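Here is the structure we will look at, set down as structure tokens.
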Amino acid sequence: MTAIEVLKKYFGYDNFRAGQSEIINHILKKEDCLGIMPTGAGKSICYQIPAMVFNGVTVVISPLISLMKDQVDSLNQVGIPATYINSSLTESDYLQTIQNIYHGMYKIIYVAPERFFSDTFISMLNFLDISMIAIDEAHCVSQWGHDFRPSYCEISKTISSLTKRPVVVSFTATATTVVKDDIIKLLDLHSPFVLTTGFDRKNLYFSVQTPESKKEFLLKFLEEHKNMCGIIYCSTRKTVDEVYERLCNYGYKVSKYHAGMSEKSRSTFQDDFVYDRTEIMVATNAFGMGIDKSNVRYVIHYNMPSDLESYYQEAGRAGRDGDKAECVLLFSRADVVTNKFLIEHSYEGNHSNEYQKLNDIVDYCNTSKCLRSYILEYFGETPNFNNCKFCSNCNSEMEITDITIDSKKILSCIKRMNERFGAGLVADVLKGSKSAKVKDFGFDSLSTYGIMSEYSRDTIRDLISFLVAEGYIKSIGDKYPILTLNSKANEVLFSDSKVTINKKIERSLKPEKNSKNDSESLTFDNILLEILRELRMEVSKQNNVPPFIIFSDVSLKQMCTYYPTDVDSMLKISGVGAFKLEKYGDVFIASIRNYVQEHNIKKLDILEEHKNKSNFTSKVDTKFVSYELYTKDSKNIKEIAEVRGLTERTIEQHLLDCYENGLIIDLEKEVNIRFENEIYKAINKCNSGRLREIKDMLPNEVSYFDIKYYLIKINKKLNY
Ligand code: ADP
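In my numbering, the protein residues as written are 285 to 1004.
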């Protein structure tokens, strides 16, 4: 079988993602390889596919027990015989597994590094026909990687002791040059082909928010993200407990995770989250390594983390399935203080590197430039855009304010204080504080003393942070950094150069959300999605694997767009391969068929067409075609459906989207206005926000279309 055939047959995907086919081709030529790709890029497939193409067995060394189990479960689900060996196996399971391996029952064997060196394992490797050894999370070999594992350093010795050296491939998401060089050297890769894909995660929406109340922000955010899975990271156990309690009180299904809990309760909560029994995970950074849950739709950092490396790694746990997801960082000045405290109390020694990293993430929070390009530049890339249109800075309306005069005041104050003091004291002087320190230094006699008294101290500090982030001021030192002026400051002080601040106009999240999610929300059928999610949950329980391993959210959404009611069309859904089709195809097809009949949806034959141009614009265009037919040509929904060869349901959704997005459209002639009041009442009564629950409270004549229409109408009123 060729690589692309394996991709289709087992994984159910039509195309390779960036970098995958290139690296697979090199592996198939038996060249050692190193793949550096961000989380969620699809590294596993890069070695799993050659493993199926090669004749022999592939051994995968992976550091995380939980991840191994998930990977093996996923492989078994798609029909690839795989197993794992690690300390979680009981003695008898272990013996059984070894026996099975000797009998040639598996194509892929996952193993923890510690087990890899055992004599039993080595003699087994020499007995078997090993075609490839793949090393996952290869940065663990390097002291400079963030989770160094000494046992990784022994891997190359073991490989070289084998009677026949298989092809050796390795993967990591850590991009720095030192780590890369270490991997090649310490794993003893032979003239490896090295592939680095960009670090951009296009489906992630990055956002920095500085809300007055984080609590309120969070509640509002969750309200707008009901029925979605997300992680909320907090910097301390105490905050985790508080946020967890609060969300429980508000009726959310929540898990929590931190090092202060018993192992048992941690793993129960974790399983609840992975198996979709809870929707929200509130956790410290102890949570997440080895969690492969693909349908995490948002990651909120309730507190600013200590550096951008951790941030990008944690935020990167959102949207692994490639579907849109949000990464929100809630910033407050108190977070800077907490982080400084944590650095000071971490261990003895020089902390300047950590302080530098802290400054970088504070700058990320303060910058007004594109957040995505900030991150990518931080990781050493040169993005070919400066406006990604998909982060909170690019997506906000900016109000440009000239702050040259205030900037001059601040810069000249720093200069008059001989560039020897920190932001706190500079702010005090500008504010006109009567503190002893200000007087002792004689700063109350400076001409800049009290010249910004109309501002709060915090506002002055914010302005200083902004000037630091924009490179006018340099903040030097660790614990008590002092402010000095960069040459850029002189241009402001002496050459009339202007300073402007692009202030984000607070937009409610709703419109942001719409504009981002259009490509998905336009076409898929939410009601069917609820039905299929429930079905997936049942199937997941029966098979004892997490729901996302049965089918990803992306697969379900495609089913809800294209209504596959037979085997052929089901196979065209992304993520549905031959094996999964055989295993689960029938129940899902039956459920979709039922739904299609019940709702009188015409069987669609547009799958191919949609697949070929399933990009954002084509879907937006299609919506406007319906809009024009409705408003200009005065056709009704039924007529438009006929003309366009689409279902009435799709047209309804097109028009509702247009209405929701503020286009002028009169839908009252299409809805059942007789029940308007009842519908409002039902909406108010419904706790879950689920359409189905609302529908069940109302007479049969009320359609989903009616309910959706009034939901939008209410929202519009509220937003107004
Ligand atoms: P990584 O190890 O790089 O973090 P994974 O290997 O876990 O990423 O892949 C992330 C997700 O992307 C998985 O759900 C996987 O099935 C999916 N995926 C991988 N390759 C493709 C592809 N070519 N087409 C569609 N989805 C893919």
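C-beta: ideal position from N, C-alpha, C; glycine also.
Remember, it's a predicted structure, so these values are computed and weren't measured experimentally.
(message) If the criterion is Cβ atoms closer than 8 Å, does the pair methionine 854 and isoleucine 885 meet it?
(response) Against the sequence shown, residue 854 aligns to sequence position 570. Against the sequence shown, residue 885 aligns to sequence position 601. No; because the gap between Cβ atoms is not below 8 Å, this pair is not in contact.
(message) By alpha-carbon positions, which one of Val343, Lys997, Lys969 and Ser358 ends up nearest to threonine 442?
(response) The sequence position of residue 442 within the sequence shown is 158, counting from 1. The residue with the shortest Cα to Cα distance from threonine 442 is Val343.
(request) Could you work out which residue in Phe832, Asp852, Lys856 and Met416 is closest to glutamine 842 when comparing CA atoms only? (result) Translated into positions along the sequence shown, residue 842 becomes position 558. Closest by alpha carbon: Lys856.
(message) Closer than 8 Å is the cut-off here; do at least three beta carbon pairs connect the region 732 to 745 with the region 706 to 721?
(response) Output reads yes: the region 706 to 721 touches the region 732 to 745.
(message) Less than 8 Å between the beta carbons of glutamate 398 and serine 435, yes or no?
(response) To locate residue 398, count along the sequence shown from 1; it is residue 114. To locate residue 435, count along the sequence shown from 1; it is residue 151. Yes; because the gap between Cβ atoms is below 8 Å, this pair is in contact.
(request) Take every Cβ of the region 469 to 477, pair it with every Cβ of the region 495 to 504, and state whether three or more of those distances are shorter than 8 Å. (result) Look at the beta carbons and you see the region 469 to 477 not touching the region 495 to 504: under three pairs across the two are nearer than 8 Å.
(request) Sort Glu628, Ser630, Ala418 and Leu614 by Cα distance to isoleucine 645 and report the nearest one. (result) Position 361 of the sequence shown, counting from 1, holds the residue named residue 645. Of the listed residues, the one whose Cα sits closest to isoleucine 645 is Leu614.
(message) Nearer than 7 Å: is that true of the beta carbon of glycine 482 relative to any heavy atom of the ligand ADP?
(response) Translated into positions along the sequence shown, residue 482 becomes position 198. Checking every heavy atom of the ligand ADP against the Cβ of glycine 482, none is found closer than 7 Å.
(message) Tell me the residue span of the beta strand (DSSP E) that contains glycine 708.
(response) Stepping through the sequence shown from its first residue, residue 708 is reached at position 424. No beta strand (DSSP E) holds glycine 708; the alpha helix (DSSP H) holding it covers 707 to 715.
(message) At the level of alpha carbons, what is the spacing between glutamate 271 and histidine 883?
(response) In the structure as shown, the chain starts at 285 and stops at 1004, and residue 271 therefore has no counterpart that could be examined.
(message) Tell me whether glutamine 427, by its Cβ, gets closer than 7 Å to a heavy atom of the ligand FMN.
(response) Ligands in the displayed structure: the ligand ADP; the ligand FMN is not one of them.
(message) My assumption, with CB atoms under 8 Å, is that glycine 544 sits in contact with arginine 530. Please give the rounded CB distance.
(response) Taking the sequence shown and counting its residues from 1, one reaches residue 544 at position 260. Taking the sequence shown and counting its residues from 1, one reaches residue 530 at position 246. Incorrect: roughly 18 Å between the Cβ atoms, too far for contact.
(message) Is glycine 572 close to the ligand ADP? I mean its beta-carbon at under 7 Å from any heavy atom of the ligand.
(response) Counting from one through the sequence shown, the residue named residue 572 turns up at place 288. Shortest gap from the CB of glycine 572 to any heavy atom of the ligand ADP: 7 Å or more.
(message) Three or more C-beta pairs under 8 Å: does that hold for the region 939 to 948 against the region 972 to 983?
(response) Judged by pairs of C-beta atoms under 8 Å, the region 939 to 948 does not touch the region 972 to 983, as fewer than three such pairs exist.
(request) Would you tell me roughly how many angstroms separate the C-alpha atoms of isoleucine 575 and arginine 433, rounded to the nearest one? (result) Counting from one through the sequence shown, the residue named residue 575 turns up at place 291. Counting from one through the sequence shown, the residue named residue 433 turns up at place 149. Distance between the alpha carbons of isoleucine 575 and arginine 433: 18 Å.
(message) In whole angstroms, give me the CA-to-CA distance for alanine 287 and glutamate 638.
(response) Taking the sequence shown and counting its residues from 1, the one referred to as residue 287 is at position 3. Taking the sequence shown and counting its residues from 1, the one referred to as residue 638 is at position 354. Cα-Cα distance, rounded: 44 Å.
(request) Identify every residue that forms a DSSP beta bridge with methionine 565. (result) In the sequence shown, the residue the question calls residue 565 occupies position 281. According to DSSP, methionine 565 bridges with Ile515 and Ser539.
(request) Count the other CB atoms, across all protein chains shown, that sit within 10 Å of the CB of threonine 538; report buried if there are 16 or more and exposed otherwise. (result) Against the sequence shown, residue 538 aligns to sequence position 254. Just to set this straight, residue 538 is valine in the shown sequence, not threonine. Looking at its Cβ environment, which holds 16 or more other Cβ atoms inside 10 Å, valine 538 is buried.
(request) State the Cα-Cα distance for the pair aspartate 690 and serine 737, rounded to the nearest angstrom. (result) The residue labelled residue 690 in the question sits at position 406 within the sequence shown. The residue labelled residue 737 in the question sits at position 453 within the sequence shown. Rounded to whole angstroms, aspartate 690 to serine 737 spans 11 Å at the Cα level.
(message) Buried or exposed, going by whether 16 or more other CB atoms sit within 10 Å of the CB of asparagine 896?
(response) If you number the sequence shown from 1, residue 896 lands on position 612. Residue placement at asparagine 896 cannot be trusted, given a pLDDT of 40 that sits under 50; what the coordinates show is reported in the next sentence. With fewer than 16 other CB atoms across the displayed protein chains lying within 10 angstroms of its CB, asparagine 896 is exposed.
(message) On the DSSP letters alone, give me the boundaries of the alpha helix (DSSP H) that glutamate 545 sits inside.
(response) Numbered from 1 along the sequence shown, position 261 holds the residue referred to as residue 545. For the sequence presented, residue 545 should be read as methionine rather than glutamate. Under the DSSP assignment, methionine 545 falls outside any alpha helix (DSSP H); it carries neither an H nor an E label.
(message) Which residues does DSSP list as the beta-bridge partners of glycine 319?
(response) Here residue 319 corresponds to residue number 35 of the sequence shown, with the count starting at 1. Answer is Phe455 and Leu479.
(request) Could you tell me how far apart the beta carbons of serine 858 and aspartate 298 are, in whole angstroms, since I believe they sit closer than 8 Å? (result) In the sequence shown, counting from the first residue as 1, residue 858 sits at position 574. In the sequence shown, counting from the first residue as 1, residue 298 sits at position 14. Yes, they are in contact, since the Cβ atoms of serine 858 and aspartate 298 sit about 7 Å apart, within 8 Å.
(request) Just tell me which of Lys721, Thr367 and Asn679 has its CA closest to the CA of valine 652. (result) In the sequence shown, counting from the first residue as 1, residue 652 sits at position 368. The question names valine, yet the displayed sequence has serine at residue 652. By alpha-carbon distance to serine 652, the top candidate from Lys721, Thr367 and Asn679 is Asn679.
(request) Verify whether the separation of the beta carbon atoms of tyrosine 489 and glutamate 681 is less than 8 Å. (result) By 1-based counting over the sequence shown, the position of residue 489 is 205. By 1-based counting over the sequence shown, the position of residue 681 is 397. Going by C-beta atoms, tyrosine 489 is not nearer than 8 Å to glutamate 681.
(request) With a threshold of 16 other CB atoms inside 10 Å of the CB of histidine 387, please say whether the residue is buried or exposed. (result) Counted from its first residue, the sequence shown places residue 387 at position 103. Answer is exposed; the Cβ neighbour count stays below 16.
(message) Would you call the region 345 to 358 in contact with the region 460 to 469, where contact means no fewer than 3 C-beta pairs closer than 8 Å?
(response) Judged by Cβ distances under 8 Å, the region 345 to 358 makes no contact with the region 460 to 469, as fewer than three pairs qualify.
(request) Let me know if serine 771 comes out buried or exposed under the rule of 16 or more other beta-carbons within 10 Å of its beta-carbon. (result) Within the sequence shown, the letter at position 487 stands for residue 771. By the neighbour-count criterion, in which 16 or more other beta carbons inside 10 Å mark a residue as buried, serine 771 falls on the exposed side.
(request) Tell me where the beta strand (DSSP E) around glutamine 304 begins and ends. (result) Your numbering for residue 304 matches position 20 in the sequence shown. Per DSSP, glutamine 304 belongs to no beta strand (DSSP E); it is in the alpha helix (DSSP H), 304 to 312.
(message) Let's test the definition: count the other Cβ atoms within 10 Å of the Cβ of serine 444 and tell me whether it reaches 16, buried, or not, exposed.
(response) By 1-based counting over the sequence shown, the position of residue 444 is 160. Exposed: under 16 other Cβ atoms inside 10 Å.
(message) Runs of 3 residues minimum, wholly inside the region 974 to 998: which ones carry the beta strand (DSSP E) assignment?
(response) Every candidate beta strand (DSSP E) stretch fails here, since none sits fully inside the region 974 to 998 while reaching 3 residues.
(request) Determine the DSSP secondary structure at cysteine 225, reduced to helix, strand or coil. (result) Limits of the chain in this structure are 285 at one end and 1004 at the other, which puts residue 225 out of reach.
(request) Please report how far the alpha carbon of asparagine 370 lies from the alpha carbon of lysine 577, in whole angstroms. (result) Along the sequence shown, one-based indexing puts residue 370 at 86. Along the sequence shown, one-based indexing puts residue 577 at 293. Just so you know, the alpha carbons of asparagine 370 and lysine 577 end up roughly 21 Å apart.
(request) Can you tell me which of Thr404, Val492, Ile393 and Ser328 puts its alpha carbon nearest to the alpha carbon of glutamate 421? (result) Locating residue 421 in the sequence shown gives position 137, where the first residue counts as 1. Of Thr404, Val492, Ile393 and Ser328, the residue nearest in Cα terms is Ser328.
(message) Output needed for serine 759: all residues of its chain with C-beta closer than 7 Å, excluding positions within five of it in sequence on either side, in chain order.
(response) For the purposes of this step, residue 759 is taken as the residue at position 475 of the sequence shown. In the same chain as serine 759, and ignoring 5 residues on each side of it, the C-beta atoms closer than 7 Å to its own belong to Asn643, Val752, Pro765 and Leu767, in chain order.
(message) For a test of your reading of the model: does the CB of asparagine 607 fall under 7 Å from any non-hydrogen atom of the ligand ADP? Yes or no.
(response) Sequence index remark: in the sequence shown, residue 607 carries index 323 (1-based). It should be pointed out that residue 607 corresponds to aspartate in this sequence rather than to asparagine. Not under cutoff, so the answer is no.
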